[in-house]
Structures are given as structure tokens and as C-alpha cells.
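Note that the numbering used here has the sequence shown beginning at 3, numbered continuously upward. Only one structure is covered here, and it is reproduced in the block below.
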Amino acid sequence: MQRNNLVLFWEQVRGIPIIQEAIQQNEGSCALAAISTHIGYNLRISYVWDVRIPVNIPAGILVDHLKWEEEIKKLVGEPVKNLTVLFEDAKVNGVPLWNGMRLKIDNSYRIMPLNEGALRTELWKYTVLAVLRIHEDYSEHGEMPYMGRKGIMKDKYGNMETHTVVLVGEYRDNSLFAENEATEALWIYQNSDGIRELSFLDNGLNVVKNSLVLEAYCIEIYASNPLLEQEAVNMLQRTGLRQEARAVPEVLLLNRELQNL
Numbered sequence: 003m004q005r006n007n008l009v010l011f012w013e014q015v016r017g018i019p020i021i022q023e024a025i026q027q028n029e030g031s032c033a034l035a036a037i038s039t040h041i042g043y044n045l046r047i048s049y050v051w052d053v054r055i056p057v058n059i060p061a062g063i064l065v066d067h068l069k070w071e072e073e074i075k076k077l078v079g080e081p082v083k084n085l086t087v088l089f090e091d092a093k094v095n096g097v098p099l100w101n102g103m104r105l106k107i108d109n110s111y112r113i114m115p116l117n118e119g120a121l122r123t124e125l126w127k128y129t130v131l132a133v134l135r136i137h138e139d140y141s142e143h144g145e146m147p148y149m150g151r152k153g154i155m156k157d158k159y160g161n162m163e164t165h166t167v168v169l170v171g172e173y174r175d176n177s178l179f180a181e182n183e184a185t186e187a188l189w190i191y192q193n194s195d196g197i198r199e200l201s202f203l204d205n206g207l208n209v210v211k212n213s214l215v216l217e218a219y220c221i222e223i224y225a226s227n228p229l230l231e232q233e234a235v236n237m238l239q240r241t242g243l244r245q246e247a248r249a250v251p252e253v254l255l256l257n258r259e260l261q262n263l
């Protein structure tokens, strides 16, 4: 949906809202919180577009990021900032969902090129996970557009500190650039601990230059995951096939049919 200069790709699909309230991350866990938001959004996008079988996904956060963080801390003893470690855990163990089930991402995550055309094309299909470089006057809650470096870099990228967020759209307004400054794409991102009253655009949403994106990933979520299997069981129960002897083969048959669609 476009409102003036704001192109918020994933505000809603087929009347169903995709972007949710910004989650509140614990200190040092922006990567885990952002991945949780990214997976949740792409899971919702996948199911909104999949019309083979109605799956009721509730409003709100779909990935239990606090439970996942507890599990990660038991393994490594501290919040994990390394995306590779989090990707691997999501592949092997899966991420905990709101309903007690787990979703494994398998090999469905891709490293995205950082050119504007590639990111814009991807943002028409899914949300994008992005690592941004930050600086000493970086606003934690995004009161102003996040426009670039003003100070000494520090931390992991040689001398840079980073922050992980979710890209959800594009902001088309060249007036944000200084006179004689080269223009570039401005992406809309959601900060994992954004505060509605302080956000530049609302609900933790802010604006960042394309040149400040250091890494970008997309985790594609397909509807052929355990939620469909659970919905198949629910369908059988609703139609009265509750006898254990009949339910097992019927569920297996229904799952097989879904996979062949």
C-alpha cells in the first residue's frame, strides 16, 4: 500500500495484516529478534497466499522469540549475535512457534545481493532480513530517519557496530537527501524494539539508506510445513473421523495429497 511517499509492501495481503507490533528484544539479541520477526512475517505471507487449505493463523507474533532465546542461551550461555549460528540452529532444531510446534527452515535462506534492484524485487515477494551499520548518534527507537555515519565506527566489521532489522518496504522521498548528495534507495525497516510513539513512521518503522545495508538475507517459508499437517488432523476431527484406526491412514493420505498439489 502506498501513502504519499510510503510504499509499505507488507501492510496487508488479501485484507489480512502482515506487519505486527514491534517485538521487544532483550539486550544483545537483535539478530534473534529480527530473524524471529522475519520468519513470522514470511510464514504469514505464505499462508495468506496459499488457498489450498484454510489455516487459521492468529494475529500477533508467530515465532516465540523468548523461548528460542532461552534455548540458545542454554547452548552457548549468552545471546547469539552471529547470524550463521542462528540460521544453523533454525535448520537443525527449528524455531518454536506460538502453538508449540517447531518450524525448520532447512536450506530455504538465501544471501541477497545488496543492489537496489535485487532488494526491491525481493521485497515484492517477502520481507528481507538486513544487517545495518550503526554509529554513535544512531537512534535506538528511530525518532529520525537513519541516514548514515556521523562518528567513529566500532565492533565486528573491522571497526563497525551493527544492528539487525527486517526490511518491509521502500520510502520514496528525495528531500531526505542533502543538496548535491547522490540519491539512493531508502528502505523501510522495523526495529525489533521500536516504540510506536518515537518511530519515524510508526510502530518501530524507520528509514535507512541502501548503502548502510551490510548484509541481506531472505528465509523463504513454504506452506508445506507442519502447520498443514496439523490442519489436516483438525479437518478430519471436524468431519467426525475420530476413530484412531481410521484417522492415521486418512491423515497420511491427506498429507500425501497436499504434497502433490
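Cβ coordinates follow ideal geometry from the N, Cα and C atoms, glycine included.
What does residue i pair with, by DSSP beta-bridge criteria?
i	result
glutamate 163	Ile136
leucine 188	Lys211
glutamine 14	Pro19
arginine 174	Arginine 174 pairs with nothing; no bridge assigned.
isoleucine 221	Tyr111
aspartate 204	Leu207
arginine 104	Pro98
leucine 131	Val168 and Tyr219
valine 65	Leu99
Measuring straight from C-alpha to C-alpha, what distance separates residue i and residue j?
i	j	result
asparagine 101	phenylalanine 179	45 angstroms
serine 38	asparagine 109	16 angstroms
alanine 36	tryptophan 51	23 angstroms
leucine 68	isoleucine 107	18 angstroms
arginine 112	asparagine 44	13 angstroms
glutamate 73	isoleucine 20	27 angstroms
threonine 185	phenylalanine 202	20 angstroms
threonine 86	glutamate 183	35 angstroms
isoleucine 18	aspartate 66	21 angstroms
leucine 77	phenylalanine 89	14 angstroms
leucine 214	glutamate 181	19 angstroms
In chain order, what residues of the same chain have a beta carbon less than 6 angstroms from the beta carbon of residue i, not counting five sequence neighbours either side?
i	result
leucine 216	Val133 and Arg135
lysine 83	Ala33
valine 130	Glu124, Leu169, Ala218 and Cys220
glutamine 27	Ala35, Ser194 and Asp195
valine 15	Val50
serine 177	none
glycine 206	Ala24, Gln192, Asn193 and Gly196
Closest by CA to residue i, which one among the options?
i	options	result
leucine 10	Arg104, Leu105 and Tyr128	Tyr128
asparagine 208	Ala184, Val170 and Ile221	Val170
aspartate 204	Ser213, Ile190, Ile113 and Arg122	Ile190
histidine 165	Leu188, Glu172, Gln192 and Ala187	Gln192
glycine 79	Asp66, Glu71 and Asn182	Glu71
alanine 13	Gln26, Gly30, Ile25 and Arg46	Sequence inspection shows glutamate at residue 13; the alanine mentioned does not correspond to that position. Selected option, being the one with the closest Cα: Arg46.
proline 60	Lys69, Leu214, Leu77 and Gly42	Gly42
glutamate 163	Pro19, Ala24 and Gly30	Gly30
isoleucine 63	Leu116, Ile18, Glu23 and Leu88	Glu23
Excluding the 5 residues preceding and the 5 following residue i in the sequence, name in chain order all residues of the same chain whose CB lies nearer than 8 angstroms to its CB.
i	result
arginine 248	Model confidence at arginine 248 stands at a pLDDT of 44, short of 50, so the residue's coordinates are unreliable and nothing is read from them.
arginine 104	Asn95, Gly96, Val97, Pro98 and Pro228
alanine 187	Glu118, Leu121, Arg122, Glu172, Lys211 and Asn212
tryptophan 126	Phe11
lysine 93	Lys106, Ile107, Asp108 and Asn109
So, at 7 angstroms on beta carbons, what are the nonlocal neighbours of residue i in its own chain, with the 5 sequence-adjacent residues on each side left out?
i	result
histidine 40	Thr129, Leu131, Val168 and Ile221
methionine 114	Ala120, Leu121, Glu124, Val130, Ala218, Tyr219 and Cys220
aspartate 91	Ile74
What runs of the alpha helix (DSSP H), each 4 residues or longer, lie entirely inside the stretch 68-102? 85-94
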